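Numbering (my numbering), first residue to last: 8 to 303.
From the three backbone atoms N, C-alpha and C, an ideal C-beta is built for every residue, glycine too.
Since this is a predicted model, take the numbers as computed values, not measurements.
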């Protein structure tokens, strides 16, 4: 049955007005701000700010003027080294007070069996839960490995590869402008660069390396081998796992379905004591709490 959440104290509300954590999501009804608000016990305002590239840009623009603004995004293309630095040095002007999930997105933390079995609404045995998680992830493993290749290549080609023209005296006529464009060596350079990145052998090598990272070079997915649970698209998998493995009713005993069921199961887990949360959830709770406590 659904439980009532305890309201935050007045002092915590005053603190939350100053400190703001911006996360991914279309609006306040998105899953990220809801989960994180509960996890942080409403000690800080959590605001949705669209996709990660919007948040990253906002972080770079705002952190100098608002040191109590913090930013949390999905993993996307970021590598382990960058992510580790974000967490180890937070809050850090060099990274614009930015934090990045170690897993692909927040839903991937709900692919951890040891976390899910804490729920009183789990309706299957642990072995069955593990089998269903493996089955759901196995169906996506090749798709998500291929998409990771696209994410990698897309990011590598996203740099500012050509600068704008600045010398006005070189553009006296329309013919001058056309000639400058046609003679720009950067176009040829970028064409060659794209060709290298999209070489079939290079693309295949990227895919095989990523698949090995996912699976640990095993033919079948296994828990604690490879990093598949970090990189599969959790947002697409978690609803299926919750619908197949959990049961919860409203105050009148009617079984919950759809998005409300998913929300209540996740809410129940995130409300549990911080010691039982996934390591990254605990770390987020601790770094934000330390920041608020030290700056009032």
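Taking the Cα positions, residue 169 is about 49 Å away from residue 250.
Residue state for residue 184 is assigned as helix, using DSSP reduced to three classes. The alpha helix (DSSP H) runs of length 4 or more contained entirely in the segment 137-161 do not exist; there are none.
Residue 27 has 52, 76 as its beta-bridge partners, per DSSP. Secondary structure note for residue 195: it is in no beta strand (DSSP E), and the uninterrupted alpha helix (DSSP H) holding it is 192-204. Just so you know, the alpha carbons of residue 112 and residue 193 end up roughly 36 Å apart. With respect to the 8 Å criterion, residue 27 and residue 43 are not classified as neighbours on the basis of their beta carbons.
Of 121, 235, 46, the smallest CA-CA separation from residue 274 is found for 46. With a threshold of 16 other beta carbon atoms within 10 Å, residue 149 falls short and is exposed. When the Cα atoms are used, residue 267 and residue 206 turn out to be separated by approximately 46 Å. In the three-state scheme derived from DSSP, where H, G and I count as helix and E and B as strand, residue 124 is classed as coil. If you draw a straight line from the Cα of residue 133 to the Cα of residue 140, it comes to about 11 Å. Here residue 41 is buried, its C-beta having at least 16 other C-beta atoms within 10 Å. In this structure, the straight-line span from the alpha carbon of residue 171 to that of residue 200 is close to 19 Å.
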